[in-house]
Amino acid sequence: MLKLQTPTVSSFIRLRWIISCMLFLSGMAIPGQCLFGQSTSFFTPSDTFNNKRFWTATGITAATYTATVIGLNEIWYKQYPRSGFHFQNDWGEWRNVDKMGHMFTSYLWSSWVSDVARWTGIESRKADWVGVGTSLLFQTTLEIMDGFSDRWGFSWSDMAFNVAGAGLYIGQQRLWNEQRILLKFSSTPVSHPDYIVTSTDGESVMTLNQRAEDLFGTSFFERLLKDYNAQTIWTSVNIYSFLQAESKFPKWLNVAFGYGAFNMYGGYKNEWMKDGAHYVLDDDTFPRYSQYYLSVDVDLSKIPVKSPFLRTLLKALNVIKIPAPAIQFNKIDGVRFHAIKF
0 MLKLQTPTVS SFIRLRWIIS CMLFLSGMAI PGQCLFGQST SFFTPSDTFN
50 NKRFWTATGI TAATYTATVI GLNEIWYKQY PRSGFHFQND WGEWRNVDKM
100 GHMFTSYLWS SWVSDVARWT GIESRKADWV GVGTSLLFQT TLEIMDGFSD
150 RWGFSWSDMA FNVAGAGLYI GQQRLWNEQR ILLKFSSTPV SHPDYIVTST
200 DGESVMTLNQ RAEDLFGTSF FERLLKDYNA QTIWTSVNIY SFLQAESKFP
250 KWLNVAFGYG AFNMYGGYKN EWMKDGAHYV LDDDTFPRYS QYYLSVDVDL
300 SKIPVKSPFL RTLLKALNVI KIPAPAIQFN KIDGVRFHAI KF
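Going letter by letter, the sequence shown gives residues 0 to 341 in numbering that gives the first Met the number 0.
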C-alpha cells in the first residue's frame, strides 16, 4: 500500500516545530519584557534566589505550555478520530530533516529555559536540569498526544532525537560547564520550478511549484519555516574551547557541519493525491538526496560585550547560523562550493 503524504499532515508536523521555536522566544522574552525603562541589571542573572523573578518565569512558562497544548488539541487533534495509544515508525520521513529539527528544538529549549532559571537565581546545576526537564516535558506531551490520535502515533525516533538534543546540552554542562558544541538553524529560499506533473491516469496536470505551494505555503516566511528543502541544521563547534588557554586562535570562530536534503515533495516519496488525482514525480528527473555541509560560523556568545542586555540579545541570535562560504557534499553533484550559504 502506498503511503502518501498529505499537505494537512505535513503542515501539522511543521506547525509543531514552528510553535516550539516561538516558545523559545517567549522564554527569552521574560528578561526582555522590560526592555524600555529598566536598568541593564534587570538582564543580569540574580546572585540569590529571586522570588518575584521565579514566579514570573514559572507563570509565563506554565501559561505558554498550557495554551500550546490546548491550542494544538483544538486546532488539529480534535479534527481526527481518537484511538488507543499506539506507535508509528516515521523514520526516513523528509529524509530525517524533521528529526534534526526535533534535536535542535530540544537542545534550544534546554539551553534557553536553563538560562531563564539561572536568571531567577536558581543554582546553575539545578537550572540545567530545569531546562532539560521542561524541554522533554513539552516534547513528550506532544508525542503522547500523537499516540492517542488515529492519524499519527507515538514516534520512538522523534523521542530519541528529543532526548539527544537535551542530552547534548546537559552533557556539555556536566563535562565542561559550557556549550562548546552548538546546534543552529539556517534556511535558504528555494525557487521551485514550474515543471508540469501529469497524474497517473493522464487526466490531470499540475506544476511542481503548485505542489510546493500546497505543502510549504506562498509567502517568504512560510517558505522559510515550512520548506524542508530550504532548511539546514548545523552542528557548530567552537575550536578555541578545545585549545590551550594561551592560544591566539579567535575565540568566536567556529567550524560548522550542516545537514539538509533536497527535491522533497512528499514525506517519504515524491507522490501525492490532489482532487482525486494521483501524481508521481519521476525519480530520475528529481531524485531525493541528502546534503552535507562544511562551513565556518561565529559563536556570538564569545563576542566580548559589557552590556547584559546585549549578551541576552546575542544569545537569542546565536541559534542562527551566520551566512558564510561553505562546501556541500551530495550524491548528485559530488562536491559543490557556495560563496555564501544561508
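Note that CB positions come from ideal geometry on N, CA and C, so glycine has one too.
Residue i and residue j closer than 7 Å at C-beta
i      : j      : result
Val297 : Ile321 : yes
Pro44  : Arg124 : no
Asp226 : Thr206 : no
Ser113 : Ser134 : no
Ser148 : Trp90  : no
Ser186 : Ala229 : yes
Tyr168 : Ser109 : yes
Val96  : Thr199 : no
Arg287 : Asn262 : yes
Ala62  : Met102 : no
Val115 : Ala56  : yes
Gln87  : Ser154 : yes
Pro188 : Arg222 : yes
Arg173 : Tyr79  : no
Same chain, Cβ closer than 6 Å to residue i, five either side skipped, listed in chain order
i      : result
Trp233 : Lys183, Ala255, Gly257 and Lys320
Ala325 : Tyr292, Ser294, His337 and Lys340
Asn237 : Arg179, Asn253 and Asp298
Ser203 : Ala276
Lys51  : none
Paired residues, beta bridge with residue i - DSSP
i      : result
Asp296 : Asn253
Tyr288 : Phe261
Ile238 : Ile238 is not bridged to any residue.
Met205 : Val196
Lys301 : BP columns for Lys301 are empty, so no partner.
Val162 : For Val162, which the question treats as bridged, DSSP gives no partner whatsoever.
Thr231 : Ser185
Asn329 : Gly333
Ala323 : Lys340
Phe153 : Phe86
Ile169 : Answer by DSSP bridge pairing: none, since Ile169 is not bridged.
Arg81  : Ser148
Enclosing alpha helix (DSSP H) for residue i [first to last residue]
i      : result
Phe308 : Pro307 to Leu316
Arg52  : Asn50 to Ile74
Gln138 : Ser123 to Gly146
Phe220 : Phe219 to Lys225
Proximity to residue i [Cα-Cα], best of the options
i      : options                           : result
Gly132 : Ser154, Ala165 and Phe147         : Ala165
Gly152 : Asn161, Leu141 and Val162         : Leu141
Tyr264 : Leu223, Phe53 and Gln209          : Gln209
Gly275 : Gly201, Val162 and Trp93          : Gly201
Asp281 : Ser289, Arg335, Asn269 and Gln171 : Asn269
Gln327 : Ala260, Ala315 and Arg310         : Ala260
Asp283 : Phe308, Ile331 and Ser289         : Ile331
Leu107 : Gln138, Val189, His85 and Tyr79   : Gln138
Trp251 : Trp271, Lys301 and Leu224         : Lys301
Glu122 : Lys305, Arg310, Phe53 and Trp271  : Phe53
Trp271 : Glu73, Lys305, Leu214 and Pro307  : Leu214
Arg81  : Lys51, Ile143 and Trp128          : Ile143
Leu181 : Asn50, Ser240, Lys273 and Asn49   : Ser240
His85  : Asn50, Leu71, Glu73 and Asp145    : Asp145
Gln171 : Ser246, Trp128, Trp75 and Ser289  : Trp128
Ala315 : Trp111, Gly70 and Ile74           : Trp111
Thr60  : Gly130, Asn49, Glu73 and Ile74    : Gly130
His191 : Lys51, Asn50, Gly216 and Leu312   : Gly216
Residue i, enclosing beta strand (DSSP E) - first and last residue
i      : result
Trp111 : First-last for Trp111: Val96 to Trp118, but that is the alpha helix (DSSP H), not the beta strand (DSSP E).
Phe336 : Gly333 to Lys340
Lys273 : Glu270 to Lys273
His85  : Segment: none, His85 is in no beta strand (DSSP E) and carries neither H nor E.
His277 : Ala276 to Val279
Contacting residues, own chain, Cβ-Cβ under 7 Å from residue i (five flanking each side not counted)
i      : result
Cys33  : Because Cys33 carries a pLDDT of 43, less than 50, the predicted location of this residue cannot be relied on, and the following value inherits that uncertainty. For Cys33, where only same-chain residues beyond five positions count, the Cβ hits under 7 Å are Phe41.
Lys343 : In the structure as shown, the chain begins at 0 and stops at 341. Residue 343 is therefore absent and cannot be evaluated.
Phe285 : Asn262 and Asn269
Ile195 : Val204 and Thr206
Thr197 : Val204
Beta-carbon proximity list for residue i, same chain, < 8 Å, skipping 5 on both sides
i      : result
Met99  : Phe160, Ile232 and Tyr258
Gly83  : Phe147
Val334 : Ile326, Gln327 and Phe328
Thr47  : Gly120
Gln37  : Note that Gln37 scores 49 on pLDDT, short of 50, meaning its location in the model is unreliable; the coordinates nonetheless yield the value given after this. So the list is empty, once near-sequence residues are dropped.
Met158 : Gln138, Thr139 and Glu142
Gln290 : Thr231, Gly257, Tyr258, Gly259, Ala260, Phe261, Gln327, Phe328 and Asn329
Pro246 : The residue asked about is misnamed: residue 246 is Ser in this sequence, not Pro. If we look at Ser246 and ignore the five residues flanking it on each side, its Cβ neighbours are Tyr239.
Trp175 : Ser240
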